[in-house]
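Residue 3 is where the sequence shown starts when you use the numbering used here, and the numbers rise one by one after that.
First up is the structure itself, then whatever we jot down about it.
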Amino acid sequence: MGGSGGAAGRHAVTSDEANRLAITRFRNYQAGGRAMTITVPSTGGGLVVTGSVDYRARIGYGVVRGAGRDTSSDGLIEWTSTTVYVHPMAAVSAEAPVSPPASGWYGRPLTASGSSLDSSLAIALGLGSDRPDNAELLPQNGAARVGRATVHGHKADVMTGPSARAKAGTSDTVRYWIGSDGTMYRVQAGVASESQPVVIDFDTQKYVPVRPLPGVIPAK
3 MGGSGGAAGR
13 HAVTSDEANR
23 LAITRFRNYQ
33 AGGRAMTITV
43 PSTGGGLVVT
53 GSVDYRARIG
63 YGVVRGAGRD
73 TSSDGLIEWT
83 STTVYVHPMA
93 AVSAEAPVSP
103 PASGWYGRPL
113 TASGSSLDSS
123 LAIALGLGSD
133 RPDNAELLPQ
143 NGAARVGRAT
153 VHGHKADVMT
163 GPSARAKAGT
173 SDTVRYWIGS
183 DGTMYRVQAG
193 VASESQPVVI
203 DFDTQKYVPV
213 RPLPGVIPAK
């Protein structure tokens, strides 16, 4: 059962909370990759991407389907920090095949603004880092603990980041649902092109290692 933290008891992050916020992206990197569901806002009904991100190779892969809209965007999707590849499908399964199809992909640049999908993909890709953030700077830059919630059975503190860490399309409002060991369970971030935020829920299915598209994205 998911939950959203309320504003009651809002305070600047304590030392322990700052330390957990500082390591949460690093823990994603240490894990190698995370499974997730990305709920992309849109006036047309939104999109849902179900898949995985490899935080060391910086590549994501999954199924994309329309939510409350037509199925014209349904198919497979793989993305890097610069490029989005889509594989349209008339009928998509709940999860992407382990091995991406060898053909039928269409590539385009990942746009820095104006696309809620691309902004959401960039945010998801940016939630891993090869080093912790500076915990001492977080309270100085406005990081706060705003509540507690349970996300998919995990108890978490809800914290605001001082910024979206300069990721494309994000606003100043970013919230992290973080467990007692620094594990990231949910992220909510504003996107400039929409009034509603993108919501990224982690561990919604089993993590499947991301395989680069054959002959398109070099394996690392």
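Glycine residues also receive a C-beta, built at the ideal position from the N, C-alpha and C atoms.
For the beta strand (DSSP E) that contains residue 190, what are its first and last residues?
186-193
First and last residue of the beta strand (DSSP E) that includes residue 146?
146-153
Tell me the rounded alpha-carbon separation between residue 167 and residue 203.
With a pLDDT of only 47 at residue 167, under 50, the local geometry of the prediction cannot be trusted, and the value read off the model is given with reservation. Roughly 19 Å separates the two Cα atoms.
Take residue 187 as the anchor and find which of 50, 142, 48, 126 has the nearest alpha-carbon.
126
Spatial neighbours of residue 22 within its chain, please: C-beta separation below 7 Å, excluding the five flanking residues on both sides.
180, 184
Put residue 131 into one of helix, strand or coil per three-state DSSP.
coil
Can you grab the Cα-Cα spacing for the pair residue 101 / residue 213, in whole Å?
7 Å
Could you tell me whether the stretch 122-140 touches the stretch 13-32, where touching means 3 or more Cβ pairs closer than 8 Å?
yes
Distance check for residue 96 and residue 174, CA to CA, integer angstroms please.
Because residue 174 sits at a pLDDT of 48, beneath the cut-off of 50, its placement in the model cannot be relied upon, and the point is left open.
How would you label residue 108, buried or exposed, when you count the other beta carbons within 10 angstroms and need 16 or more for buried?
exposed
If I'm right that residue 85 touches residue 112 with Cβ under 8 Å, what's the distance once you round it to whole angstroms?
6 Å
Between 219, 206, 138, which lies nearest to residue 153 when the distance is taken from Cα to Cα?
206
Do you know offhand how far residue 115's Cα is from residue 195's?
7 Å
Assigned exposure category for residue 16 - 16 Cβ within 10 Å defines buried
exposed
Within the stretch 18-59, ranges of the beta strand (DSSP E) (whole runs, at least 3 residues)
35-42, 49-56
Note the first and the last residue of the continuous alpha helix (DSSP H) segment covering residue 141.
139-142
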